[in-house]
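Report on the following structure.
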Amino acid sequence: MSAGTPLEIQVVRAAGNVRLWCVGDLDHETVDELRECVGDLLAAGVRSLSIDLSGVDLCDSSGLSGLLHAHNSTRAAGAELHITGVSDRLGRIMSITGLNRILSCSLAGGAPAASPGSDVSTAAGPSSPSP
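Here it is as C-alpha cells:
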C-alpha cells in the first residue's frame, strides 16, 4: 500500500488561542501526530485550541477518531476545542456519523457546520414540483 500525503501540523499561537493548521492527509498513518500534538499542548496548559482542517485533503475513519479523541482530551483538561476549515465533503461525513452533534465545527467558508447537539440536513435532490 502506498503512503498518502504526509500530515504537517503548524502551531500558531495568537491572543490566548492555539491553532493547529493541518495540511495533508489525516488518516491511519498520520493521526498519532495530531493526538501527540494535542496532548502536548494540553499538558503545557493550553485552554483554547482550534484545529484548522482547510489544508486536509483526506480524512478517513482514523482521522475522525483522532478528532473525537482531541475533543475528549480537551474536555477532560477543561479546555475548549473548535474545528475549523471543514470541507463540504467532510462536513457531510460528520453529519452522517453524528460527529456534528459532538464537535464544534465551522465549514471552510467560516459558516458553522453544526452546533454541538444540533443536526444539519442537506437537500439530496431537486425539490418536487408544486401541484
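Numbering-wise (UniProt numbering), the sequence shown opens with residue 1 and increments by one. Beta carbons are placed, not taken as given, at the ideal position from N, Cα and C, and that holds for glycine.
Leu53, DSSP secondary structure in three states: strand
Within 9 Å, strictly: CB atoms of Ser50 and Ile96: no
Helix, strand or coil at His71 according to DSSP, with G and I counted as helix: helix
Cβ pair Val18, Leu41 closer than 9 Å: In contact: Val18 and Leu41 (Cβ atoms closer than 9 Å).
Whole-number beta carbon distance between Leu26 and Gly66, since they are thought to touch under 8 Å: 7 Å
Local conformation of Leu103 per DSSP, three classes: coil
Simplified DSSP assignment, three categories, for Pro6: coil
Short Cβ contact (9 Å threshold) for Ser73 with Arg35: yes
Beta carbon of Val31 nearer than 9 Å to that of Ala79: no
Continuous alpha helix (DSSP H) stretch holding residue 146: start and end: In this structure the chain extends from 1 to 131, so residue 146 is not present and cannot be described.
Range of the contiguous beta strand (DSSP E) that encloses Arg19: Asn17 to Leu26
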